[in-house]
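Under my numbering, the first residue of the sequence shown carries the number 485, and numbering increases by one thereafter.
Every residue, glycine too, gets a C-beta built ideally from N, C-alpha and C.
Quick caveat: nothing in here was measured; it's all calculated off a predicted structure.
Data block below; observations after.
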Amino acid sequence: MNLLVVGGGGREHAIIKKLKENPTVETIYALPGNGGIAQDAVCVPSIGAKDIAKIVDFATSHSVDFAVVAPDDPLALGCVDRLHEAGIPCFGPVARAARIESSKVFAKNLMRKYGIPTARYEVFGDPAKALAYLRETACFPIVVKADGLALGKGVLIPQNLQEAEAAVKSIMEDKAFGDSGNEIVIEEFLTGPEVSVLAFTDGTAIVPMVSSMDHKRAGDGDTGPNTGGMGTVAPNPCYTPEVAAKCMEKIFLPTLAAMRAEGCPFKGCLYFGLMLTPDGPRVIEYNCRFGDPETQVVLPLLKTDLLTVMLAVEGETLGELQVEWTGGSAACVVLASQGYPGGYETGKEITVPEDLPANVTVYHAGDKLPEDGKLVTGGGRVLGVTATGETLSAALEAAYAAAERVTFDGKYLRRDIGQRALRALEG
Ligand code: AMP
Ligand code: GLY
């Protein structure tokens, strides 16, 4: 089979490495891919993940048998719809189903209508009304979210009225996130451990993957600005079998049923961002895709062939498939460019030792391969170093040992990935 993967980050690299394990796979095209992905797939740097028409043209002219659309933007832009129209089977939701991520207003209203537990909220399209609500009714901290996609930056948590007014102004009036801020959700601030659960679903059947924990802040001890994610561990020790059963009953199955009832069944990977509050699990957000860097710890623990699972999702036969996991744990430490998520330099030469142990994989997120063949940095998050192990501490130790040996100028990493999870295991 010839496969096409849309995207070019660490998540896509993890998907591609896993797809390659299937012996029927001949060629994998990555659009655009990146420097490291080029070792595993045929990259097409001239076609970006949002170039929908070019992606469809490429797929039809290169006899692509199956496409995986990984990032949020092309999903929201209807990449899967257009590929389907061209007769190409895909993994990923159609645009109407991707609204579960691309519109927070849609997601919140869905949860309210179908009784899915989430933070209490109000929606505003008029900044004056939002400001009046904040002045009269609000308790702080409070959560202000831009409706649309905002590169993971559209959530603000003001601690007082002054900060809240600034948040509304920046999103709705200064349009910090463009049209994504035409409407906002203002919601109750919840507390508790956060868990990410990615799930395969064909619209009716659902197979949750191993749970995981992200580390979103740039600095140790969860300090500093929010990033795309500085590291992950799986499974997440807070996600006990009891919590999992409750989530299945109160959140996962009701969400699938709600999407079917709205006429937009969700097919693909549905990501549940959950908070385990004292009153039970609540949905913080849905994503219509694999998480990054959650995928880099979840897929290495998947025992069943990934392409088989993806074909079952597309063919709506997931319920007939037994999906198995290896057991054990995985940890991913992100190596970023100094300065990220602010400004940083690129073009620094990267060296990855060739003798890393078999339980370690380096996923390439932001690098490029210039003409001289030397791999250089090209983004904020450059690499994700994942290790698997029988225990979380073994996985962490191996990931950090390997992360030390990978070098580039300005390499920055958090030193405490997994510490919270280890404390939860002990406690
Ligand atoms: P998101 O971009 O939707 O993933 O949100 C970013 C982060 O904001 C989440 O991972 C949470 O830590 C936090 N957050 C979002 N909504 C809430 C909420 N209602 N209460 C507390 N924290 C929240
Ligand atoms: N790591 C969070 C996300 O992919 O949205």
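Cβ distance (whole Å) where residue i is taken to contact residue j below 8 Å
{"i": "Pro-577", "j": "Phe-750", "result": "5 Å"}
{"i": "Ala-581", "j": "Met-743", "result": "6 Å"}
{"i": "Met-714", "j": "Ile-901", "result": "7 Å"}
{"i": "Ala-579", "j": "Leu-561", "result": "7 Å"}
{"i": "Arg-583", "j": "Leu-674", "result": "Actually they are not in contact, since the Cβ atoms of Arg-583 and Leu-674 sit about 23 Å apart, beyond 8 Å."}
{"i": "Val-548", "j": "Asn-486", "result": "5 Å"}
{"i": "Val-869", "j": "Ala-886", "result": "5 Å"}
{"i": "Gly-532", "j": "Ala-525", "result": "That pair is no contact at about 16 Å."}
{"i": "Phe-553", "j": "Val-490", "result": "Note on residue identity: the sequence assigns Val, not Phe, to residue 553. Confirmed, about 5 Å."}
{"i": "Leu-790", "j": "Leu-503", "result": "6 Å"}
{"i": "Gly-638", "j": "Ala-648", "result": "Contact doesn't hold; Cβ gap of about 15 Å is too wide."}
{"i": "Ala-570", "j": "Ala-543", "result": "7 Å"}
Which listed residue (the options) has its alpha carbon closest to that of residue i
{"i": "Gly-757", "options": "Ile-572, Lys-613 and Glu-678", "result": "Glu-678"}
{"i": "Ile-834", "options": "Leu-805, Thr-761, Ser-821 and Ile-499", "result": "Ser-821"}
{"i": "Pro-709", "options": "Lys-613, Tyr-824, Glu-838 and Lys-592", "result": "Tyr-824"}
{"i": "Tyr-723", "options": "Leu-740, Gly-712, Gly-827 and Gly-676", "result": "Gly-676"}
{"i": "Glu-874", "options": "Leu-682, Ala-814, Gly-862 and Ile-690", "result": "Ala-814"}
{"i": "Tyr-598", "options": "Arg-495, Ala-616, Lys-734 and Cys-623", "result": "Lys-734"}
{"i": "Pro-854", "options": "Lys-832, Ala-614 and Tyr-755", "result": "Lys-832"}
{"i": "Glu-769", "options": "Gln-780, Leu-754, Thr-779 and Glu-778", "result": "Leu-754"}
{"i": "Pro-784", "options": "Ser-695, Pro-762 and Thr-830", "result": "Ser-695"}
{"i": "Met-794", "options": "Arg-865, Gly-493 and Gly-687", "result": "Gly-687"}
{"i": "Leu-645", "options": "Val-628, Ala-882, Glu-496 and Ala-522", "result": "Val-628"}
{"i": "Val-652", "options": "Gly-827, Lys-502, Ala-616 and Val-589", "result": "Ala-616"}
{"i": "Glu-606", "options": "Ala-612, Val-589 and Glu-620", "result": "Val-589"}
{"i": "Thr-792", "options": "Ala-878, Ser-654 and Cys-574", "result": "Cys-574"}
{"i": "Glu-657", "options": "Ala-614, Glu-505 and Ala-689", "result": "Ala-614"}
{"i": "Ile-499", "options": "Phe-542, Pro-507, Ala-514 and Glu-510", "result": "Ala-514"}
{"i": "Arg-495", "options": "Thr-779, Thr-788 and Gly-911", "result": "Thr-779"}
{"i": "Pro-738", "options": "Leu-790, Ala-537, Ala-591 and Ala-522", "result": "Ala-591"}
{"i": "Thr-788", "options": "Val-691, Glu-746 and Tyr-884", "result": "Val-691"}
{"i": "Gly-431", "options": "Asp-856, Tyr-896 and Tyr-884", "result": "Nothing in the structure corresponds to residue 431, since the chain is present only between 485 and 911."}
{"i": "Thr-761", "options": "Gly-520, His-546 and Ala-603", "result": "Ala-603"}
{"i": "Phe-550", "options": "Ile-572, Thr-508, Leu-790 and Thr-544", "result": "Ile-572"}
{"i": "Asp-893", "options": "Val-846, Tyr-828 and Asp-610", "result": "Tyr-828"}
{"i": "Gly-519", "options": "Gly-857, Gly-911 and Tyr-884", "result": "Gly-857"}
Residue i classed as buried or exposed, judged by whether at least 16 other C-beta atoms fall within 10 angstroms
{"i": "Pro-535", "result": "Here residue 535 turns out to be Asp, not Pro, going by the sequence shown. Burial call: buried."}
{"i": "Ser-587", "result": "buried"}
{"i": "Arg-907", "result": "exposed"}
{"i": "Glu-667", "result": "buried"}
{"i": "Thr-685", "result": "buried"}
{"i": "Cys-623", "result": "exposed"}
{"i": "Pro-777", "result": "buried"}
{"i": "Thr-662", "result": "The sequence given here places Gly at residue 662; Thr does not occur at that position. With fewer than 16 other Cβ atoms within 10 Å, it is exposed."}
{"i": "Leu-859", "result": "buried"}
{"i": "Glu-773", "result": "Correcting the residue identity first, residue 773 is Arg in this sequence and not Glu. So Arg-773 ends up on the buried side."}
{"i": "Ala-879", "result": "buried"}
{"i": "Asp-851", "result": "buried"}
{"i": "Gly-799", "result": "exposed"}
{"i": "Lys-659", "result": "exposed"}
{"i": "Glu-726", "result": "exposed"}
{"i": "Ser-680", "result": "buried"}
{"i": "Glu-471", "result": "No information on residue 471 is available, as it lies outside the stretch 485 to 911 that the chain covers here."}
{"i": "Gly-803", "result": "exposed"}
{"i": "Ala-683", "result": "buried"}
{"i": "His-546", "result": "exposed"}
{"i": "Gly-441", "result": "Residue 441 lies beyond the stretch modelled for the chain, which goes from 485 to 911, so this question has no answer here."}
Residues near residue i by beta carbon distance below 8 Å, same chain, minus five either side
{"i": "Ala-650", "result": "Pro-642"}
{"i": "Arg-898", "result": "His-699, Ala-702, Gly-703, Asp-704, Met-714, Gly-715, Val-817 and Val-818"}
{"i": "Leu-876", "result": "Val-717, Pro-721, Ser-813, Ala-815, Gly-902, Ala-905, Leu-906 and Leu-909"}
{"i": "Leu-805", "result": "Val-691, Thr-788, Thr-792, Val-793 and Ala-796"}
{"i": "Thr-801", "result": "Asp-686"}
Same chain, Cβ closer than 6 Å to residue i, neighbours up to 5 away in sequence not counted
{"i": "Met-697", "result": "Val-717, Asn-720 and Ala-905"}
{"i": "Asn-771", "result": "Glu-585 and Tyr-755"}
{"i": "Thr-830", "result": "Thr-861 and Gly-862"}
{"i": "Pro-837", "result": "Arg-889"}
{"i": "Gly-493", "result": "Asp-776 and Ala-849"}
{"i": "Gly-636", "result": "Gly-712"}
{"i": "Lys-538", "result": "Ile-531"}
Same chain, Cβ closer than 7 Å to residue i, neighbours up to 5 away in sequence not counted
{"i": "Leu-633", "result": "Asp-556, Asp-557, Ala-560, Ser-586 and Ser-664"}
{"i": "Gly-764", "result": "Pro-601 and Lys-730"}
{"i": "Ala-882", "result": "Pro-841, Asn-843, Val-844, Ala-871 and Gly-873"}
{"i": "Thr-891", "result": "Thr-835"}
{"i": "Ala-522", "result": "Leu-853"}
{"i": "Lys-740", "result": "The question names Lys, but residue 740 is Leu in the sequence shown. Hits under 7 Å: Thr-685, Gly-687, Thr-688, Ile-690 and Phe-750."}
Beta carbon proximity, residue i to chain D, threshold 7 Å
{"i": "Ala-742", "result": "The chain labelled as chain D is not found in the depicted structure, where only one protein chain is given."}
Exercise. Which ranges would you report for the beta strand (DSSP E) in the segment 527-587 if only whole runs of at least 3 residues count?
Worked result: The segment 527-587 contains these whole beta strand (DSSP E) runs: 550-553.
For this session: Can you check the segment 787-870 for any alpha helix (DSSP H) of at least 4 residues that lies completely inside it and give the ranges in chain order?
Result: Listed in chain order, they are 790-798.
For this session: Scan the segment 705-779 and note each continuous alpha helix (DSSP H) run of 4 residues or more that stays entirely inside, going in chain order.
Result: Fully enclosed alpha helix (DSSP H) runs of 4 or longer: 725-731 and 737-745.
Exercise. Quick one: complete beta strand (DSSP E) runs, 3+ long, within the segment 602-664?
Worked result: The segment 602-664 contains these whole beta strand (DSSP E) runs: 605-608 and 626-630.
Problem set entry | Length at least 4, wholly inside the segment 869-909: the alpha helix (DSSP H) runs in chain order | Secondary structure within the segment 869-909: the alpha helix (DSSP H) runs of 4 or more consecutive residues, fully enclosed, are 876-889 (chain order).
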